[in-house]
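Heads up: the structure comes next, in structure tokens.
In UniProt numbering, the protein residues as written are 1 to 78.
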């Protein structure tokens with residue numbers, strides 16, 4: 001999916017501003033029968049193209065955005 005963030009400012013008084021950004025997120029899911037149980041595998045990638053970004057944190061300061069990251073999640077249900 002696409003994650004859109006509009007322009008952001010660090011504080012009203014500073015006038016510092018971040019441009020809008022669009023990040024691409026990717027997710028895949030597959031479910032398998034494993035005996036009497038079901039195994040679900042999910043793979044997620046955030047910031048697919050590894051764009052350098054900045055974000056405004058709760059202190060109204062700029063911090064580097066997260067680089068590309070991924071995770072694999074396995075869920076087994078009976």
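Think of the CB as a built atom: it goes at the ideal place given N, C-alpha and C, for glycine as much as any other residue.
Computed from a predicted structure; not experimentally measured.
Assuming residue 53 contacts residue 21 (C-beta within less than 8 Å), just tell me the rounded distance between them.
Residue 53 to residue 21, Cβ: 5 Å. Contact.
Excluding the 5 residues preceding and the 5 following residue 15 in the sequence, name in chain order all residues of the same chain whose CB lies nearer than 8 Å to its CB.
Same-chain partners within the cutoff: 9.
With 16 other CB atoms within 10 Å as the buried threshold, where does residue 76 fall?
Residue 76 should be labelled exposed.
Please name the residue in 7, 42 and 46 whose C-alpha comes closest to that of residue 23.
Minimum Cα distance to residue 23 is reached at 46.
Less than 8 Å separating the beta-carbons of residue 42 and residue 29?
Yes, these two residues count as a Cβ contact at 8 Å.
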